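Trainee: Let me give you the structure first, and then I'll get to my questions.
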Amino acid sequence: QVQLVESGGGLVQAGGSLRLSCAASGSIVIIRNMRWYRQAPGKQRELVAAIGSGGTTDYADSVKGRFTISRDNAKNTMYLQMNSLKPEDTGVYYCYVWSMMDYWGQGTQVTVSS
267 QVQLVESGGG LVQAGGSLRL SCAASGSIVI IRNMRWYRQA PGKQRELVAA
317 IGSGGTTDYA DSVKGRFTIS RDNAKNTMYL QMNSLKPEDT GVYYCYVWSM
367 MDYWGQGTQV TVSS
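Residue numbering for the sequence shown follows our numbering, beginning at 267 and increasing consecutively.
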């Protein structure tokens, strides 16, 4: 089993920044894909950013140029640097990893006020 602990969410004004972290622990054999998803109230969960084991990244069009995903393989930790935040970025942010199976974090709330 792998446990994921997210941190870094909070309330920020539009234009501000936040940095999310997702730390994996437990019976980790290998971690391949790591992703951040978010779910806004009344909407479906959507993929925000992804990073492969080799560092290849991909972003949703809505966050390109503003968000940066990264990972520290030695610490089994993933990050999401979010800059120039907009009210539409508000939602619960979930981390996801694949380590022989799918694992999800509990989610961290991000609220961007206008």
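Positions of the beta carbon are idealized from the N, C-alpha and C atoms, including for glycine.
Bear in mind that the values here come from a model prediction, so they are computed numbers and not experimental data.
Measure from the alpha carbon of A289 to the alpha carbon of each residue in S273, A280, N349, then state which is nearest.
Mentor: As a position in the sequence shown, residue 289 is number 23, starting the count at 1. Ranking the options by Cα distance to A289, first place goes to S273.
Trainee: Thinking C-beta only, is A306 closer than 7 Å to G357?
Mentor: Within the sequence shown, numbered from 1, the residue matching residue 357 stands at position 91. Within the sequence shown, numbered from 1, the residue matching residue 306 stands at position 40. Yes. Within cutoff.
Trainee: Look at the Cβ atom of G318, then the Cβ atom of N299, and state whether they are nearer than 7 Å.
Mentor: Mapped onto the sequence shown, residue 318 falls at position 52. Mapped onto the sequence shown, residue 299 falls at position 33. Closer than 7 Å, so yes.
Trainee: Go to D338, then tell me how far its beta strand (DSSP E) extends in each direction, as first and last residue.
Mentor: Position 72 of the sequence shown, counted from the start, is the residue given in the question as residue 338. Looking at the DSSP string, the run of the beta strand (DSSP E) that includes D338 is 333-338.
Trainee: Quick check on DSSP: helix, strand or coil for D355?
Mentor: To locate residue 355, count along the sequence shown from 1; it is residue 89. Looking at D355 - three-state DSSP - the assignment turns out to be helix.
Trainee: Three-state secondary structure (DSSP) at T323?
Mentor: Your numbering for residue 323 matches position 57 in the sequence shown. Here T323 sits in strand by DSSP.
Trainee: Note down the Cα distance separating R332 from M348, rounded to an integer number of angstroms.
Mentor: By 1-based counting over the sequence shown, the position of residue 332 is 66. By 1-based counting over the sequence shown, the position of residue 348 is 82. Distance between the alpha carbons of R332 and M348: 6 Å.
Trainee: How many whole angstroms separate the CB atoms of S350 and G281, which I take to be in contact at a CB cut-off of 8 Å?
Mentor: Residue mapping note: residue 350 aligns to position 84 of the sequence shown, counting from 1. Residue mapping note: residue 281 aligns to position 15 of the sequence shown, counting from 1. About 6 Å; that satisfies the 8 Å criterion.
Trainee: What span of residues does the beta strand (DSSP E) with A316 cover, start to end?
Mentor: Residue mapping note: residue 316 aligns to position 50 of the sequence shown, counting from 1. Segment 312-317, the beta strand (DSSP E) holding A316.
Trainee: Suppose you measure from the CA of A316 to the CA of T323; what does that come to, to the nearest Å?
Mentor: Numbered from 1 along the sequence shown, position 50 holds the residue referred to as residue 316. Numbered from 1 along the sequence shown, position 57 holds the residue referred to as residue 323. Going by the C-alpha atoms only, they are around 6 Å apart.
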